[in-house]
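Reading through the structure tokens given below for one structure.
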Amino acid sequence: MKRLLIITAALLANAAQAQQAPKPEQLIKWRQSAYQVIGWNTGRVKANVDGTYNKDDVIRAANTIAAVANGGLPSLFPASTETGKGWHDTSVKPTLFSDAAGAAAAQAAFGKEANELARVAQGGDVAAIKAQLAALQKTCKACHDDYRNSN
């Protein structure tokens, strides 16, 4: 019985170590990847509304944007990640970490517009999708202006 308790304790201790918080570099990679996915899918929507329209492609892209927007992006910006390198050097401005209320408002606006794009995409109205894409892109620009360094 003692032996079983010791083995169990050792396994639990090992499992606890394996579940440590990710390193800052990993968090930076994850957020860079998330924003890359958003960019790709925004491009897919734009290509469809400016060219040959494919409703299913737009719906998939809009749903992907909304999923990433609602997938916990703020958790990828802990205080330990204001500098560092993921896939490349982070471009986040220090003001993102000192302006929690502003950053939260920017994220909320982005999430709202991403959800609306997913909703509008279901209808298939190209003009409405184009207008909503513009609204989404305004939230991207506002956040970039306030919280992202130019590269």
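Numbered per the numbering used here, the sequence shown spans residues 9 to 159.
Glycine residues also receive a C-beta, built at the ideal position from the N, C-alpha and C atoms.
- In the DSSP assignment, Asp154 falls within the unbroken alpha helix (DSSP H) covering Val134 to Tyr155.
- Within the same chain, Cβ atoms closer than 6 Å to the Cβ of Arg39 are found at Leu84, the five residues on either side in sequence being excluded.
- Excluding residues up to 5 positions away in sequence, Phe118, Gly119 and Ala122 lie with their Cβ nearer than 6 Å to the Cβ of Ala77 in the same chain.
- The residue from Cys148, Asp97, Val66 and Gln130 with its alpha-carbon nearest to that of Glu33 is Asp97.
- Taking 8 Å as the upper bound for CB-CB distance, Val53 and Ala69 are in contact here, some 5 Å apart.
- Ser88 and Lys101 have their alpha carbons spaced roughly 13 Å apart.
- Inter-residue distance for Asp64 and Ala139 is about 18 Å (C-alpha atoms, whole angstroms).
- Under the DSSP definition of a beta bridge, Lys93 partners with Asp97.
- Annotation for Leu104: Ala111 and Tyr155 place their beta carbon closer than 6 Å to its own, counting only its chain and skipping 5 residues before and after.
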